[in-house]
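Enquirer:
Residue numbers (the working numbering): 51 to 181.
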């Protein structure tokens with residue numbers, strides 16, 4: 051469906067792809083945060099917010115007829131790198147629970163703040179539904 055781009059001789063990345071090539075209908079998911087469909091946060095736990103954020107992405111994708119396996123790239127923004135790194139196990143569990151073992155091209159970065167003060171993470175995603 052999608053072609054993973056892995057240059058020869060490069061170490062294989064863990065939990066992401068270096069690049070993805072795809073053809074089809076593009077779906078762009080705006081930055082999602084860890085609140086529910088009524089814009090209410092149910093947790094301040096970092097991994098819990100990641101889980102809800104990923105669930106929000108999957109819900110938006112479903113509106114276009116897309117599934118997690120169609121995601122080609124994700125950009126993660128978080129407000130505390132140490133908190134992100136300290137929660138990798140919980141983040142991985144949430145990711146596998148919601149997205150599965152599909153690992154698109156990804157970038158992750160610490161930012162000074164997110165627009166929603168209570169948000170600890172925001173994720174933007176792009177998906178390609180094959181033709």
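Think of the CB as a built atom: it goes at the ideal place given N, C-alpha and C, for glycine as much as any other residue.
For the candidate residues 96, 146 and 92, whose alpha-carbon lies nearest to that of residue 129?
Expert: Taking the first residue of the chain shown as 1, we reach residue 129 at position 79. Per the Cα distances, 96.
Enquirer: Taking Cβ positions, are residue 145 and residue 104 nearer each other than 9 Å?
Expert: Within the chain shown, residue 145 is the residue found at index 95, counting from 1. Within the chain shown, residue 104 is the residue found at index 54, counting from 1. Against a cut-off of 9 Å, the Cβ pair of residue 104 and residue 145 comes out as a contact.
Enquirer: Does residue 91 come out as helix, strand or coil in the three-state DSSP assignment?
Expert: On the chain shown, position 41 is the one that residue 91 refers to. Three-state result, residue 91: strand.
Enquirer: Which residues bound the alpha helix (DSSP H) around residue 80?
Expert: Translated into the one-based positions of the chain shown, residue 80 becomes position 30. It is not in any alpha helix (DSSP H) - residue 80 instead sits in the beta strand (DSSP E) that spans 75-83.
Enquirer: Quick check on residue 86: buried or exposed, where buried means 16 or more other Cβ atoms within 10 Å of its Cβ?
Expert: Within the chain shown, numbered from 1, the residue matching residue 86 stands at position 36. By the Cβ neighbour-count rule, residue 86 is exposed, with fewer than 16 other Cβ atoms within 10 Å of its own.
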